[in-house]
Amino acid sequence: MRRLSIYAILIIVLFALLLSSSLILIPKVKINDNKADYLPDKTESKIGLVILNEEFNLKSNAKVLVKNKSIEDILAVKEQIKQVEGVEKVIWLDDFVDLTQTPINFVPENTLKNYYTDSKALFDITFTDDSESDLTKEAISDINSLLEDGGVGLNERNAYEIAYTVSLFAIAIILLIIILFTDSLFSGILILITLGTAIGINLGTNIIFKEISDITYIATAIIQLAVSIDYALVFFKNLKIARTKFAVINDAVNYANKQSVKTILASSLTTIAGFLALCVMNYRIGSELGIVLAKGVLLSLVCVLLLLPQLTKVSIKLIDKTKHRSLFPSLNWLSKLIHGKMGILMLVVLLGLLVFGYYGQSQNQFTYSDNQVEYTDIEEEIIDNFGHFNQMVLIVPKGNKQTELTLINEINKLDKVKSISGLYTLVSPETPEELIPAEYKAQFLSDNYSLIHIVMDLENESKETFDSIKKIRNLAGKYYDESYLTGQSPIISDIKTTVDRDYVLVIVISILAIALIIVLVFKSVVIPILLLLIIQSAIWINMAIPYYQGIELVFLGYILISSIQLGSTIDYAIIMTEHYEKERKEQRPVQAAKKAFIISWHSIIVSMLSLVVAGFSISLLMDMDLIRDLGQLIGRGTFISGVLSLIVLPQLLILFDKLITKTTYRRFKHYEH
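Following our numbering, the numbering of the sequence shown begins with 799 at its first residue and continues without gaps.
Structure (structure tokens):
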């Protein structure tokens, strides 16, 4: 180790303190997986939830499947579940029929079918607390422990465990990639220390939000690591050059840092712009994820420019001692494919891919919840045996008893309604309110509103479900000026409406912001068009593939990847173009493009593979459809962007060289043809 300078000590101590403080704060950031909280405040389903929370003491509930037991054993299990802390009540067939007097075979079919079939019993459990409380989660765990077969039909996820699993898996592979591509083991370790510090500070500073979504928590760290690696690689590449010019390591590091600033700044600004474009989304998960990722990239930039140089200065002996030859084969031979005659062919190929991609992505079919496509095994078995139990709550003003009963009767005529209950389906509308049992009043009435509970045999998300929601809302609007339909499916329906409006705005803002940055960096009109053409083609190709595969996408992932892929992979095109411009000072277009490829491919490949690994790690290890889709889109999209930047872009730079020269504002004088 070298002797530490005062400046190096201050920088290292400062970042160590920031990281230590952040690690203490990370567990204090609450994880929120209630997607309704991120809807606009004026959304009908969200207003309904607010009313339920403020005026009604409704509890969370769940279905519990019990298999392969006699009626006596089923009743014994029911009593055991009643004793579980956190369980308020358990409803089953015996609450409607005296099974000691009526054999199971004589129970009316319309009553039996919702509670018992083929030696399988279905309990309806009400908890004492909401579904997100520790008490309810512990109760679910205890119930599952009681049952040898079956269990609670809820899909519980631990965002902390998932994030750690995904991050550790991806970091291990990314470290392997860094070792393969760098010429020193310890330089790879320094990269992870530097970016790990940035990630830790980013996660800790999320305390300013008090809580973040599970999507943001799971995806942030690994995406931040993957998109920031090339900043550190640019520094080490410049350091390698600087050490041939300067004998003193301090001078070499300072020179390398100075040479790196422009490229790193341009790359990070475009990435930040892409992430910040998500802030225009009305569905606030997008804006939250955009802010957190943009903050993370900014912190990575600061750590690479301030912390990494100081760590390098004091660790240079370890860097030199752990040197090894690059274990990844050179791709310099691909530069032989770069020549003037290929430009037109590559342009035609790119335009063909653009049409292929644009058409395919415009035909995609979408889902709108974060985990719609797959149910848990228990949920699947419940659905197979008993059908769906899609519960919704319609909130209407109290007081007009006959109108409410008429509305209930009309809703009950809709297809797929399993049951519908309101106060006046249980008591006569002529019953004075003071004579209504307290249990019924607590369940159906508040000072201002009356509740109608609806159960439908419909999936949580489908066209038929959305059509039914629309019909119920239209019927309620026919009788009331004010009404609110809420529940899981109405929330998903409102998410659909919200994010459909967000899409075009996010795309336009991200393209304009990134185009402006590229214009300022290159002082050119043509270069931004070429670079955006390359990356936008990659985005459309990426998003078209699910259509040609016949696979549905989660729409939020579709919006996020449009911005994330554009913001993070435009770096590859910038790196290639930066080196081309530098080489054009001394060489003709073809030679400049070849040299730019030879200089650039290493940084692009490492960064590309890191983001590919990060994306597919998320995809392989996740069971949440949104994040799984997002990971797959990131991994595949990064690969496509990297290939187009390495293979197609150099040819286009040669093809449009004269036009680039004429439309570039006095940046430097090109080598004359």
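Backbone N, C-alpha and C define an ideal beta-carbon position, used for all residues, glycine too.
Find the nearest neighbour of residue i within the set the options, judged by alpha-carbon distance.
i, options, result
"residue 1415", "971, 915, 1218, 1391", "971"
"residue 1271", "1284, 1440, 1370, 1262", "1284"
"residue 1183", "864, 1021, 1062, 836", "864"
"residue 1427", "1353, 1386, 1449", "1353"
"residue 1374", "1462, 1019, 1018, 1395", "1395"
"residue 1036", "870, 1058, 1046", "1058"
"residue 1062", "967, 1213, 1034", "1034"
"residue 1275", "1391, 869, 842", "842"
"residue 1432", "1021, 887, 926", "1021"
"residue 835", "939, 1010, 898", "1010"
"residue 1222", "1015, 1289, 1199, 1079", "1199"
"residue 862", "898, 853, 940", "940"
"residue 1298", "1068, 1051, 1079", "1079"
"residue 1379", "859, 1423, 1456", "1456"
"residue 1473", "1155, 860, 1065, 1153", "What is shown of the chain runs 799 to 1471, which leaves residue 1473 out entirely."
"residue 882", "928, 899, 869, 933", "933"
"residue 977", "1346, 1031, 1178, 1096", "1031"
"residue 773", "1095, 1067, 884, 1209", "The first residue shown for the chain is 799 and the last is 1471, placing residue 773 beyond what the model contains."
"residue 1188", "1257, 831, 1228", "1257"
"residue 1130", "833, 1400, 1316", "1400"
"residue 1007", "1133, 1040, 824", "824"
"residue 1310", "1391, 1327, 1300", "1327"
"residue 989", "1104, 928, 1060", "1104"
"residue 917", "1157, 1156, 1179", "1179"
Residues in the same chain with beta-carbon distance under 8 Å from residue i, minus the five sequence neighbours each way, listed in chain order, please.
i, result
"residue 1135", "1445"
"residue 1332", "1148, 1371, 1439, 1442, 1443, 1446, 1447, 1450"
"residue 1539", "A question about residue 1539 goes unanswered here, because the residues of the chain that appear run from 799 up to 1471."
"residue 1118", "982"
"residue 1463", "1321, 1322"
"residue 944", "875, 878, 879, 882"
"residue 915", "1183, 1184"
"residue 986", "973, 976, 977, 980"
"residue 1209", "1192, 1215, 1218, 1250, 1252, 1270, 1273"
For residue i, count the other beta carbons within 10 Å of its own beta carbon; 16 or more makes it buried, fewer makes it exposed. Which is it?
i, result
"residue 1247", "buried"
"residue 1172", "Note that residue 1172 scores 45 on pLDDT, short of 50, meaning its location in the model is unreliable; the coordinates nonetheless yield the value given after this. So residue 1172 counts as exposed."
"residue 1429", "buried"
"residue 1018", "buried"
"residue 1015", "buried"
"residue 1102", "buried"
"residue 871", "exposed"
"residue 844", "buried"
"residue 804", "exposed"
"residue 1471", "Any reading at residue 1471 must be qualified, since the residue scores a pLDDT of 48, below 50, and its modelled position is unreliable; the value itself is stated next. It counts as exposed."
"residue 811", "exposed"
"residue 884", "buried"
"residue 1363", "buried"
"residue 1153", "exposed"
"residue 1166", "buried"
Quick one: what's got a C-beta closer than 6 Å to residue i's C-beta in the same chain, skipping five residues either side?
i, result
"residue 875", "864"
"residue 793", "Nothing about residue 793 can be reported from this structure: the residues present for the chain run from 799 to 1471 only."
"residue 1225", "1234"
"residue 1277", "1201, 1205"
"residue 1137", "1388"
"residue 1219", "1251"
"residue 1092", "1070, 1073, 1074"
"residue 1291", "1264, 1267"
"residue 1107", "1051, 1055"
"residue 854", "1244"
"residue 922", "889"
Got a sec? Which residues, its chain only, sit under 7 Å from residue i by beta carbon, not counting five neighbours each side?
i, result
"residue 913", "890, 891, 919, 920"
"residue 886", "857, 924, 925, 926"
"residue 1344", "1162, 1351"
"residue 1077", "1085, 1088, 1089"
"residue 1368", "1068, 1312, 1329, 1333"
"residue 1170", "With a pLDDT of only 45 at residue 1170, under the threshold of 50, the placement of this residue in the model should not be trusted; the figure read from the coordinates follows. Closer than 7 Å at the Cβ level, and outside the excluded window around residue 1170, lie 1258, 1259, 1423."
Could you check how far apart the C-beta atoms of residue i and residue j are, in whole angstroms? I think they sit under 8 Å.
i, j, result
"residue 981", "residue 1082", "Incorrect: roughly 45 Å between the Cβ atoms, too far for contact."
"residue 1071", "residue 1312", "5 Å"
"residue 1098", "residue 1053", "No, residue 1098 and residue 1053 are not in contact; Cβ-Cβ is about 22 Å, not under 8 Å."
"residue 1407", "residue 975", "5 Å"
"residue 827", "residue 1005", "6 Å"
"residue 910", "residue 869", "Their Cβ separation, rounded to whole angstroms, is 12 Å, which puts residue 910 and residue 869 out of contact at 8 Å."
Do residue i and the ligand MG come close, with the Cβ less than 8 Å from some heavy atom?
i, result
"residue 1362", "Absence of the ligand MG is noted for the structure shown, with no ligands found whatsoever."
Are three or more beta carbon pairs between the region 1430 to 1437 and the region 1331 to 1347 nearer than 8 Å? The region 1430 to 1437 vs the region 1331 to 1347: in contact.
Given 8 Å as the limit, is there contact between the region 1294 to 1308 and the region 845 to 856, that is, 3 or more CB pairs closer than that? No, the region 1294 to 1308 does not touch the region 845 to 856.
Is the region 1353 to 1370 close to the region 1146 to 1165, with three or more CB pairs under 8 Å? Yes: at least three Cβ pairs fall under 8 Å.
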